[in-house]
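Student:
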Amino acid sequence: MMTLLILAVIVLGILAVTRLSRVYELTAALRDKREEEISDRDSKMNARLLMAFPFAYFAFFLWLTVHYKKHMLPVSASENGVWLDDLMNFNWAILIVAFFITNILLFYFAGKYYHRKDRRAYYYPHNNKWELAWTIVPAIVMIAIIIYGLNVWNRITAAPPAGTPQVELYAQQFNWTARYPGLDGKLGATDFRLINDKNPLGIVTPGSIKERLDELDTLIAADEKRLVNEDAYLPPDRKDELEIHLTHERRVAGRVVNLRTLMEQDIAEKGEASQYKYGADDIVVKEFHLPVRVPVELVIRSKDVIHSAFMPHMRAQMNAVPGMTTRIHMKPTITTDSMRTIMHDPAFEYLLLCNKICGANHFNMQMPLTVEPEGAYNVWLAQQKGFETGGPAKTEAAPMDTTQAKATTATAMNETPALPPGEPKKN
Amino acid sequence: MSSVATAPAAVQSHGHAEHHHHEESFISKYVFSQDHKMISKQFLVTAIIMAWVAVVMSIMFRLQLAWPNEGFAFTHFFLGDKWAPAGVLKPDMYLALVTIHGTIMVFFVLTGGLSGTFANLLIPFQVGARDMASGFLNMLSYWAFFISSVLMISSLFVEGGPASAGWTIYPPLSALPQAISGSDTGMTLWISSMAVFIASALLGGLNYIVTVLNLRTAGMKMTRLPLTVWALFITAVLGVLSFPVLLSASLLLMLDRLLGTSFYLSEIHIGGEPLDHMGGSPILFQHLFWFLGHPEVYIVLLPALGITSEVIATNSRKPIFGYRAMIGSILAIGFLSFIVWGHHMFITGMNPFLGSVFVFTTLLIAIPSAVKVFNYITTLWRGNIVLSPAMLFSIGLVATFIAGGLTGIILADSALDIPIHDTYFVVAHFHIVMGMSAIFGMFAGIYHWFPRMYGRMMNTKLGYAHFWVTFICAFGVFFPMHYIGLAGAPRRYYSYSEFTMFNGVIDLNILVTFFAITGALAQILFTYNFFHSIWRGQKSVQNPWKSNTLEWTSPVKPMHGNWAGPLPTVYRWPYDYSKPGKAEDFVPQNVPLEEGEEEVHG
Chain B
0 MMTLLILAVI VLGILAVTRL SRVYELTAAL RDKREEEISD RDSKMNARLL MAFPFAYFAF
60 FLWLTVHYKK HMLPVSASEN GVWLDDLMNF NWAILIVAFF ITNILLFYFA GKYYHRKDRR
120 AYYYPHNNKW ELAWTIVPAI VMIAIIIYGL NVWNRITAAP PAGTPQVELY AQQFNWTARY
180 PGLDGKLGAT DFRLINDKNP LGIVTPGSIK ERLDELDTLI AADEKRLVNE DAYLPPDRKD
240 ELEIHLTHER RVAGRVVNLR TLMEQDIAEK GEASQYKYGA DDIVVKEFHL PVRVPVELVI
300 RSKDVIHSAF MPHMRAQMNA VPGMTTRIHM KPTITTDSMR TIMHDPAFEY LLLCNKICGA
360 NHFNMQMPLT VEPEGAYNVW LAQQKGFETG GPAKTEAAPM DTTQAKATTA TAMNETPALP
420 PGEPKKN
Chain H
0 MSSVATAPAA VQSHGHAEHH HHEESFISKY VFSQDHKMIS KQFLVTAIIM AWVAVVMSIM
60 FRLQLAWPNE GFAFTHFFLG DKWAPAGVLK PDMYLALVTI HGTIMVFFVL TGGLSGTFAN
120 LLIPFQVGAR DMASGFLNML SYWAFFISSV LMISSLFVEG GPASAGWTIY PPLSALPQAI
180 SGSDTGMTLW ISSMAVFIAS ALLGGLNYIV TVLNLRTAGM KMTRLPLTVW ALFITAVLGV
240 LSFPVLLSAS LLLMLDRLLG TSFYLSEIHI GGEPLDHMGG SPILFQHLFW FLGHPEVYIV
300 LLPALGITSE VIATNSRKPI FGYRAMIGSI LAIGFLSFIV WGHHMFITGM NPFLGSVFVF
360 TTLLIAIPSA VKVFNYITTL WRGNIVLSPA MLFSIGLVAT FIAGGLTGII LADSALDIPI
420 HDTYFVVAHF HIVMGMSAIF GMFAGIYHWF PRMYGRMMNT KLGYAHFWVT FICAFGVFFP
480 MHYIGLAGAP RRYYSYSEFT MFNGVIDLNI LVTFFAITGA LAQILFTYNF FHSIWRGQKS
540 VQNPWKSNTL EWTSPVKPMH GNWAGPLPTV YRWPYDYSKP GKAEDFVPQN VPLEEGEEEV
600 HG
């Protein structure tokens with residue numbers, strides 16, 4: 000029904016246009032009016048409209064600016080963001096001036112000098128002085144914009160001070176996982192081949208490698224068994240598929256065995272300082288908390304496709320790229336609670352959004368970010384479980400763990416660890 | 000370009016008087032034509048059809064954005080139960096529509112359609128040549144374009160849906176069907192279509208370059224070329240240098256997809272399995288893509304700027320102000336466009352110092368752009384402006400070029416890019432500066448040169464209505480998007496109702512959709528006017544706009560070889576409008592200088 004209605008409207012619209020233009024053509028023919036002779040009357044009418052347009056245009060601009068100002072992002076909740084907002088305002092001040100000047104000149108001239116039969120245009124092919132002026136003035140303005148812009152850029156992207164605590168953000172279709180270093184203050188190595196239900200980030204530890212190898216052996220054995228047992232029933236293409244899959248599984252298992260060798264050598268050389276020793280106490284959570292006024296380095300990785308970690312309130316963004324690690328650092332300055340007061344919205348949450356097209360549910364790949372006072376943050380962190388150390392079986396030991404974790408985390412936050420932070424493993 | 004000032008005109012005045020008037024068959028005249036005028040019409044009509052496909056797509060996703068998760072008969076009519084059950088667009092189809100809308104608009108309408116139409120029409124006419132250097136390659140160029148259009152459209156009908164990784168097709172999303180269903184056959188067709196498209200662009204581009212360099216008529220020095228030809232010439236150079244890079248990038252992607260290579264893929268775990276790909280880099284693809292992608296922006300924009308330069312001068316009855324500065328700015332923009340691609344990648348984790356370099360080169364482009372704007376404005380100053388529909392669209396272009404150019408300064412600043420990268424602010428920026436400017440330039444060109452193409456005139460009153468509705472709707476659609484973006488709303492989101500943070504601005508989406516639908520309906524006026532005028536428009540006179548360039552010295556009825564007698568000889572630059580001491584307010588290029596008359600170069 001709706002379709003028919005729409006079609007009818009379109010058809011009627013076309014018919015109306017056809018008839019109107021026919022009427023116009025006939026009357027034009029009667030008046031001996033030719034299309035190429037744009038009459039001075041037509042020019043004048045359009046000139047008036049061109050003169051009027053900037054009023055509507057600027058009014059629209061002002062209305063949008065005034066009416067939607069309160070819905071723009073609130074005051075920046077990170078230190079970087081404050082610098083960025085200042086830079087943004089500086090740029091706007093320049094651009095809005097240029098916007099008004101150029102538009103007023105454009106529409107005023109277009110409207111003022113419309114065609115009149117008794118006039119003649121002023122032959123004015125060029126003027127070096129003017130041309131030099133509007134080359135040099137924009138150049139000077141650009142230099143100012145570049146210098147200020149790069150100054151802020153350099154401040155934001157400068158390497159963080161050694162020992163800045165790290166938090167990992169791990170992206171996958173269509174959710175985020177956070178990883179915090181455990182008692183040792185360092186993130187352990189990872190390998191994507193170790194990823195399974197128990198180890199969603201593929202953290203490499205002697206235990207996780209063993210478990211993954213066992214799992215792969217079981218899978219391989221099952222597939223081998225299937226190939227033998229169902230040889231008679233399996234259609235050829237299904238069988239090929241199974242064989243290819245089996246080869247793939249064996250290859251993965253082979254790589255994991257290589258990884259085990261590497262790990263064993265590394266542990267033999269470095270002992271407890273091996274990056275494969277850091278992972279056991281890492282905290283893998285589906286929540287994202289940060290302490291206020293503590294600089295933090297975010298280590299960003301992806302499991303499958305490119306995502307982008309976007310925190311609009313922090314004015315922070317960095318792509319998550321499979322196969323590489325990206326990093327940003329920032330210092331949140333306003334807690335979630337304070338921002339709730341500022342926004343008059345008791346339900347307000349900072350958000351971590353995905354901002355790089357990543358698949359069908361891209362639009363709902365989000366995680367709230369809680370910024371809280373350091374004390375509350377430490378309490379929250381202490382309640383989390385280590386990847387291997389803090390399984391549910393150890394709940395009775397929790398109080399002790401808590402105090403320990405608190406102490407260590409506080410150390411990690413305030414002091415500079417002697418060793419470089421654990422690099423996620425790269426092949 | 001060392002030949003700019005000195006190049007002697009290629010002498011091409013051998014009489015074409017023998018007039019071999021062999022009868023052409025329907026096929027050789029209208030289908031496999033080698034005549035530049037027919038090929039230009041073929042490009043234009045194909046582009047209009049493709050543009051409608053892309054416009055209908057945009058209406059479907061605009062409906063979804065304005066009224067998320069509501070059913071629309073319009074959407075259901077086109078997509079059926081599979082992609083829009085009960086008229087509610089599905090999220091993966093939403094992404095597919097966004098992807099194909101962008102692809103069609105950027106490549107098929109604003110590259111193939113704009114350059115294909117006007118380079119073919121105007122280069123031989125305005126340099127005074129009988130046809131393109133190679134009519135046969137030119138024909139191949141169109142038919143490759145046609146085949147690529149068919150391939151792109153056919154991808155809409157495959158099982159998993161068309162490509163849906165965004166028009167920038169970043170891998171791994173575009174490489175892995177496990178990641179999104181459009182990355183299956185749909186993406187294969189997308190890449191195939193683009194490969195053929197690139198062949199078309201290269202065949203066309205080489206032809207344009209050779210024609211401009213070698214087939215200029217006697218007296219047509221490079222410094223007497225109309226700015227349209229300059230713009231189309233530099234556009235062709237940009238295309239020839241950059242499109243092959245996209246071809247290579249796409250071929251490597253194809254290898255990753257079909258043969259299991261690892262150019263762009265590494266350490267990926269998807270569908271519950273680790274993949275075998277190791278050692279590639281998705282960022283490599285982005286470098287290759289944007290090495291084309293940024294010059295592509297100017298491949299889209301320069302022809303439009305060239306067209307408006309010509310239209311504004313003709314209709315202001317005044318020389319274009321600063322002709323040489325205009326050429327210089329085209330050259331500067333063309334050169335700079337090759338060294339700014341990294342500004343699309345500030346937040347990919349690239350070295351911050353490299354980012355600074357791209358900030359610097361990008362912001363440099365603002366200077367030649369500003370020169371262009373001020374030169375346009377000065378051309379209007381004290382003109383005697385005939386406000387034809389073409390002129391209105393040209394003024395519209397300057398307005399959108401200002402609005403979009405200024406926001407470009409924000410986005411080019413790497414630090415400011417961090418909070419607004421990939422938000423609606425970007426969508427607003429490039430639709431205004433690239434989409435609207437280029438399409439306004441294209442409309443200006445169509446209204447202006449329609450009589451040259453078809454020997455008839457388009458209806459002026461409908462042209463006015465078309466301009467005003469389109470112009471107002473362009474701002475109505477894209478201006479509010481800046482605010483949606485500054486509120487932090489990411490682009491390519493199917494809906495914004497999953498959080499409360501955008502509630503304050505999201506009602507703007509309804510306003511935007513209202514303008515989008517109105518703007519789309521206005522294009523019916525244009526389409527009707529265009530096709531109606533082909534057959535029923537008022538017959539055109541030889542030089543309807545009293546213009547100086549050579550195309551208006553050729554007979555109204557298109558003829559093979561363009562000029563019946565010898566080729567015209569050029570004695571002056573194309574912008575002698577309202578020259579003091581002349582009776583008429585225009586002096587065509589083929590009119591010799593009078594005794595004691597001084598030749599002027601802007």
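Protein sequences, first through last, are from chains B and H.
Under numbering that gives the first Met the number 0, the first residue of the first sequence is numbered 0, with each subsequent residue one higher.
Under numbering that gives the first Met the number 0, the first residue of the second sequence is numbered 0, with each subsequent residue one higher.
By construction, the Cβ of each residue, glycine as well, lies at the ideal position given by its N, Cα and C atoms.
#1: Going by C-alpha distance, which of Arg339(B), Gly358(B), Lys355(B) and Val320(B) is nearest Arg349(B)?
#2: Helix or strand or just coil, what does DSSP make of Ser494(H)?
#3: Using 10 angstroms around the beta-carbon of Ile155(B), count the other beta-carbons present and answer buried if the total reaches 16, otherwise exposed.
#4: Exposed or buried, what is His276(H) when buried is set at 16 or more other beta-carbons lying within 10 Å of its beta-carbon?
#5: Kindly list, in the order they appear in chain H, the residues whose Cβ is closer than 8 Å to that of Val151(B).
#6: For Asn589(H), count the other beta carbons within 10 Å of its own beta carbon; 16 or more makes it buried, fewer makes it exposed. Which is it?
#7: Can you find the residues in the same chain that come closer than 6 Å, C-beta to C-beta, to Phe585(H), ignoring five residues on each side of it along the sequence?
#8: Mapping the DSSP letters down to three states, classify Asn206(H) as helix, strand or coil.
#9: May I ask you to list, following chain order, the residues of the region 96-124 of chain B that have a beta carbon less than 8 Å from some beta carbon of chain H?
#10: Along chain B, in chain order, which residues have C-beta atoms closer than 9 Å to that of Lys220(H)?
#11: So, helix, strand or coil for Gln365(B), using DSSP?
#12: What first and last residue would you give for the beta strand (DSSP E) that runs through Pro225(H)?
#13: For the region 227-261 of chain B, enumerate the residues whose C-beta is nearer than 7 Å to any C-beta of chain H, in chain order.
#14: Output yes if chain B places a C-beta closer than 9 Å to the C-beta of Glu158(H); else output no.
#15: Would you please verify whether the beta carbon of Ile282(H) is less than 9 Å from any beta carbon of chain B?
#16: Considering only C-alpha positions, which residue in the set Ile394(H), Thr184(H), Ser496(H) and Met253(H) is nearest to Leu105(B)?
#17: Among Val358(H), Ala312(H) and Met56(H), whose alpha-carbon lies nearest the alpha-carbon of His342(H)?
#18: Check each residue of the region 144-173 of chain B: if its Cβ is closer than 9 Å to any Cβ of chain H, include it; give the result in chain order.
#19: Does Ile408(H) have its Cβ less than 9 Å from a Cβ in chain B?
#20: Specify the secondary structure class of Thr332(B) as computed by DSSP and reduced to three states.
#21: Quick one: which chain H residues come within Cβ less than 8 Å of Asp41(B)?
#22: So what does DSSP say about Gln165(B), is it helix, strand or coil?
#23: With C-beta atoms as the reference, is Leu96(H) less than 9 Å away from Ser57(H)?
#24: Just to confirm the assignment, what range does the beta strand (DSSP E) spanning Leu289(B) have?
#25: Report yes if the C-beta distance between His328(B) and Leu368(B) is below 9 Å; otherwise report no.
#26: Contact defined as beta carbons within less than 8 Å: I believe Lys605(H) pairs with Leu120(H). What is the distance between those atoms, to the nearest angstrom?
#27: Restricting to Cα atoms, I'd like to know which of Gln33(H), Leu94(H) and Asp421(H) is closest to Phe60(H).
#28: Using beta carbons (cut-off 9 Å, strictly below), is Lys197(B) in contact with chain H?
#29: Give the residues from the region 302-314 of chain B that approach chain H closer than 7 Å (Cβ to any Cβ), ordered along the chain.
#30: Could you check which residue in Gln274(B), Val8(B) and Leu233(B) has the C-alpha nearest to that of Asp190(B)?
#31: Helix, strand or coil, according to DSSP, for Gln427(B) in the structure here?
#32: Is Ala158(B) buried or exposed, if buried means 16 or more other CB atoms sit within 10 Å of its CB?
#33: Output, in chain order, the set of chain H residues within a Cβ distance shorter than 9 Å of Ala346(B).
#34: Using a Cβ-Cβ cut-off of 9 Å, state whether Tyr493(H) counts as contacting chain B.
#35: What residue range is occupied by the uninterrupted alpha helix (DSSP H) comprising Cys472(H)?
#36: Give, in chain order, every residue of the region 249-282 of chain H whose Cβ lies closer than 8 Å to some Cβ of chain B.
Tutor: Quick look at the numbers:
#1: As written in the sequence, residue 349(B) is Tyr, which differs from the Arg given in the question. Comparing Cα-Cα distances from Tyr349(B) to each of Arg339(B), Gly358(B), Lys355(B) and Val320(B), the minimum goes to Arg339(B).
#2: coil
#3: buried
#4: buried
#5: Ala414
#6: buried
#7: Lys545, Asn547 and Tyr576
#8: helix
#9: Ala97, Phe98, Thr101, Asn102, Leu104, Leu105, Phe106, Phe108, Ala109, Tyr112, Tyr113, His114, Arg115, Arg118, Arg119, Ala120, Tyr121, Tyr122, Tyr123 and Pro124
#10: None at all; the shortest Cβ gap to chain B is about 16 Å.
#11: strand
#12: Note, Pro225(H): premise wrong, no beta strand (DSSP E); not H, not E.
#13: His247, Arg250 and Val251
#14: no
#15: yes
#16: Ile394(H)
#17: Val358(H)
#18: Ile144, Ile145, Tyr147, Gly148, Leu149, Asn150, Val151, Trp152, Asn153, Arg154, Ile155, Thr156, Ala157, Gln171 and Gln172
#19: yes
#20: coil
#21: Leu386, Thr459 and Tyr463
#22: strand
#23: yes
#24: Phe287 to Pro290
#25: no
#26: The question about residue 605(H) has no answer here: the residues shown for chain H are numbered 0 through 601.
#27: Leu94(H)
#28: no
#29: Lys302, Asp303, Val304, Ile305, Ser307, Phe309, Pro311 and Arg314
#30: Gln274(B)
#31: Any answer about residue 427(B) is impossible in this case: the structure gives chain B only from 0 up to 426.
#32: exposed
#33: Thr499
#34: yes
#35: Thr459 to Leu485
#36: Leu264, Ser265, Glu266, Ile267, His268, Ile269, Glu272, Pro273, Asp275, Met277, Gly278, Gly279, Ser280, Pro281 and Ile282
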